[in-house]
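Some notes on the structure that comes next.
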Amino acid sequence: MDFVSIRIITSDVARLVDFYERATGARATWATEDFAELKTAGATLAIASARTVPLFAPGSARPADNHSVITEFLVDDVDRVHQNLTGFVTDFVNKPTTMPWGNRSLLFRDPDGNLVNFFTPVTPEAIEKFAR
Numbered sequence: 260m261d262f263v264s265i266r267i268i269t270s271d272v273a274r275l276v277d278f279y280e281r282a283t284g285a286r287a288t289w290a291t292e293d294f295a296e297l298k299t300a301g302a303t304l305a306i307a308s309a310r311t312v313p314l315f316a317p318g319s320a321r322p323a324d325n326h327s328v329i330t331e332f333l334v335d336d337v338d339r340v341h342q343n344l345t346g347f348v349t350d351f352v353n354k355p356t357t358m359p360w361g362n363r364s365l366l367f368r369d370p371d372g373n374l375v376n377f378f379t380p381v382t383p384e385a386i387e388k389f390a391r
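Using this note's numbering, you'd call the opening residue of the sequence shown number 260 and step up by one each time.
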């Protein structure tokens, strides 16, 4: 089994797609006005309208109601990315911080309040773990 994507349910697909395109530099592929995907080398971020939820099970997901998942992106230089996002991202949770497990992390919220972590491995162990 392979992990291939995570899907965010939103009330405003265009707004969230624009945010993630600007934040990541990836371009979305739109399947319909209710569904788009941003593909990276490691996985895909799918963004879908709340109108798609009943296709799975009515009421099974709610937009802007995530309190437990952090979507993470590996970046080359988290400090540079922080500078680039300043003025665009409106809700930084922390500035770049080196974590005990060896990643330098920048945590912020997308327009729906979902947590996003951009990180760069900085210790030898973390660098080896995420070698590309």
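Glycine included, every Cβ here is placed at the ideal spot set by N, Cα and C.
These numbers come from a predicted model, not from an experiment.
Of A316, R339, F389, the smallest CA-CA separation from N362 is found for F389. Contact annotation: the segment 265-273 touches the segment 281-297, with at least three C-beta pairs closer than 8 Å. The closest CA to that of G372, considering only S364, V381, E387, V348, is found on V348. Shortest Cα-Cα distance from R266 to any of A300, R281, V312, G284 involves V312. L333 sits away from V352, with the two beta carbons spaced by 9 Å or more. Exposure of F315 is indicated by the presence of fewer than 16 other C-beta atoms within 10 angstroms of its C-beta. Per DSSP, the beta-bridge partners of V348 are T345.
Measuring C-alpha to C-alpha distances from F367 to each of Y279, M260, S264, F262 identifies Y279 as the nearest. Closest option to N376, judged by alpha-carbon separation, among D335, I329, D338, G318: I329. C-alpha of P322 to C-alpha of R310: approximately 10 Å in a straight line.
Between D324 and the set P355, V381, D369, A302, the nearest pair of CA atoms involves D369.
When DSSP states are grouped into helix, strand and coil, E331 belongs to the strand group. Every unbroken stretch of the beta strand (DSSP E) spanning 3 or more residues and falling wholly within the segment 265-303 is given here in chain order: 287-291, 294-298.
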